[in-house]
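Worksheet: the structure to be examined is printed underneath.
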Amino acid sequence: MSPMKTPPTAAETRAALARQAAFAAADAAALDGLLSVRPAEAGPRPEPIWDEATVVNHEVVRERYRRLTLSCGTIAATALAGQFLMITVPPHGGERILLPRPMAIHRRNPERGTIEVIYGVAGRGTTALAAVKPGQRLLVTGPLGRGFEFPSGTRRALMIGRGVGVCAVMGSVEDAATRGIHATLVASGRTRGSLIGSAECAELGARFIPVTDEEGTADLPTLGALLRREFAAGPPDVVFVCGAGVLTRLAAELGAEWDVPVQASLEAHMACGLGYCHGCAAPVRTDPAVEGPLVCVDGPVFDAAV
Amino acid sequence: MIISVGAHRPNGYAPVVRDLGTAGDAFELNVSCPNLDRDGTDIGSDPDAIEAAVAAVRLETDKPLIVKLPVLASSIAECAQAAQAAGADAVCVANSIPALPLEAYTRAPAIGNVIGGLSGPSIRPIVLRLVWLAARSVDIPVIACGGIETADDALDYFSVGASAVQVGTASFARPFAMVEIVRTLQQCCTDDRVTGIRDLIDLWRAQ
């Protein structure tokens, strides 16, 4: 039996949401003027499909997240690194979730025909999703959006993720392993116990660098200094980042110092994920007379440069 | 294929339709856009602006024209009549409702663009009224659009005068929603031994 968790008081909830709001404001400020839509992809994007995916496994991981393993062979075989899914959440406890939820594809296993997503319970949709049991079927649409692309000739790559944002870059660590690219993953988070990616990096032969708020290693000056030391002998050929605007800015600054491209994946609320509803306006500076890019179809991966 | 055309000025539609040339089988004119010639009021809430936009497009094409009207019009009947008078082949009623959702507690805007269109089942009774009003005021077909998730919802709209329905939001969570609705409507007709939805509605009215 797990101990009963005391529900948060209204004051605690408000404080937590105020922290989130402050984070979102810092994020928006850090991203200002940084992002642009990537040039056309080298190859075609896989055709998205919908599938009644069977839940193979659903478990708590890294203290505060849940890992959902889904059996959906087509998406497992076609998804590109950095693409995402829309998951339709079944009704739970009288609560009906009208719109599907976007989730980054964390792992692809084409042999077994499975994919993994990792999420934190944050609101109504993820609370209802957390109640889904193995064996149940979930309606998923994907793979969606444009992912990370290694520039040709990449030999070394740096991936940086904050919190659950690590999942958006994990597909590129998988690609690096199959293409003989030397990958370094920096996982940033509040506590060591909550960091995602250590086991995955061990499996994929990537270097794993944990940095945390509790150890005082995740702040930007400390992390910047660490990465400059880490790559003093020679910079990576590309940097992929997700999970925080301030980390994207740090990555873009390092990219400018090293003269290498930086690609950033954005997280956004979405209603459709298909470019239809126009709810996920991307924080990209554009001519106000022209409709701006959307996170779902023009991203979620954008170029980031200072 | 129906091509949806939007513009921010009444004279902005015709050039787009002209440039599209032979592309598409029909055009939807989305007049639920802010009119930059009139301080951002909806083109579709102003019968004169609708008439000007549709008449200009009518000169450019013989293909079917569907005019997609907004929810926020002072008189949906006058707007539908203006579209009909200018040569529209059908009107679509309605569109999403401009809304400003906030996050709980922090009260920060919940969507990137701050203002967005509210759609889905919560707007169905609002749009049902508009479809009823529009269908009574014009002879051209009224296509209903607003929160349709099931065949029952579609039949609600048919019963107030709609000739066809569109499904948007329901397709996000259930991409096969439209196929399900069509199959269920067919089954309803088969069960009641009628050949079309109009007969089905008449039959239910008679009972």
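Chains as they are written, first to last, in the working numbering: chain Z, 19 to 324; chain R, 1247 to 1453. Even for Gly, the Cβ is constructed at its ideal location relative to N, Cα and C.
Under the three-pair Cβ rule at 8 Å, the region 167 to 174 of chain Z does not count as touching the region 78 to 88 of chain Z. Neighbours of Gln38 of chain Z across chain R, judged by C-beta separation under 8 Å: Thr1352. The three-state secondary structure of Tyr1259 of chain R, taken from DSSP, is helix. Where Phe166 of chain Z is concerned, there is no enclosing alpha helix (DSSP H), because DSSP gives it neither an H nor an E. Across the region 145 to 176 of chain Z, CB contacts with chain R closer than 8 Å involve Leu157 and Thr159, in sequence order along the chain.
Ser1417 of chain R sits away from Ala1410 of chain R, with the two beta carbons spaced by 8 Å or more.
For Ala1332 of chain R, no CB of chain Z lies under 8 Å from its own CB, so it is not counted at the interface with that chain. In the DSSP assignment, Cys219 of chain Z falls within the alpha helix (DSSP H) that extends over Ser216 to Leu222.
Assignment of Ile136 of chain Z by DSSP, reduced to helix, strand and coil, places it in the strand class. A direct Cα-to-Cα measurement between Trp276 of chain Z and Pro253 of chain Z gives close to 6 Å. In summary, the residues of the region 100 to 117 of chain Z whose CB is separated from some CB of chain R by less than 7 Å are Thr106, Leu116 and Leu117, in the order they occur in the chain. Not flagged as an interface residue toward chain R: Gly293 of chain Z, since no C-beta distance is shorter than 8 Å. Around the C-beta of Lys1314 of chain R, 16 or more other C-beta atoms lie within 10 Å, and the residue is accordingly described as buried. Counting along the chain, Gln281 of chain Z sits inside the beta strand (DSSP E) bounded by residues Val280 to Ser283. At least one CB atom of chain Z sits nearer than 8 Å to the CB of Ala1356 of chain R. The C-alpha of Val259 of chain Z is placed about 16 Å away from the C-alpha of Met121 of chain Z. Residue burial is scored here from C-beta neighbours: Gln1432 of chain R has fewer than 16 other C-beta atoms within 10 angstroms and is therefore classed as exposed.
By the Cβ neighbour-count rule, Arg1439 of chain R is exposed, with fewer than 16 other Cβ atoms within 10 Å of its own. Taking a contact as a CB-CB distance under 8 Å, the pair Ile123 of chain Z and Gln101 of chain Z counts as one, their CB atoms being some 6 Å apart. Between Asn1341 of chain R and Pro1367 of chain R, the C-beta gap is not smaller than 8 Å, which leaves the two residues out of contact. At least one CB of chain R lies nearer than 8 Å to the CB of Ala299 of chain Z.
Shown here, Ile1289 of chain R sits in a helix according to DSSP, grouped into three states. In the DSSP secondary-structure assignment, Gln154 of chain Z is not bridged to any residue. Around the CB of Asn1276 of chain R, 16 or more other CB atoms lie within 10 Å, so the residue is classed as buried.
As far as DSSP is concerned, Lys1309 of chain R takes part in no beta bridge.
In this structure, Arg56 of chain Z lies near Phe320 of chain Z, with their beta-carbon atoms less than 8 Å apart. About 5 Å separates the CB atoms of Gly317 of chain Z and Leu284 of chain Z; that is less than 8 Å, so the two are in contact. When the five nearest sequence neighbours on each side are left out, the beta carbons in the same chain lying within less than 6 Å of the beta carbon of Ala286 of chain Z are those of Cys298 and Val313, in order along the chain. Here DSSP, grouped into helix, strand and coil, assigns Met177 of chain Z to strand.
In the structure shown, Ile1372 of chain R falls within a helical segment according to DSSP collapsed to helix, strand and coil. The beta carbon of Ser1383 of chain R lies closer than 7 Å to those of Ala1323, Ala1326 and Gln1327 in the same chain, with the five residues before and after it left out. For Ala42 of chain Z, the neighbours in chain R by C-beta distance under 8 Å run, in chain order, Ala1354. Separation of the CB atoms of Val1377 of chain R and Tyr1403 of chain R is rounded to 6 Å, and the pair is thereby assigned contact status at 8 Å. Note on geometry: alpha-carbon atoms of Phe41 of chain Z and Arg32 of chain Z lie some 14 Å from one another. At the C-beta level, Ile105 of chain Z and Val158 of chain Z come within 8 Å of one another. A distance below 8 Å between beta-carbons, with the five flanking residues on each side excluded, links Val264 of chain Z to the following residues of its chain, in chain order: Ala44, Asp45, Ala48 and Leu238.
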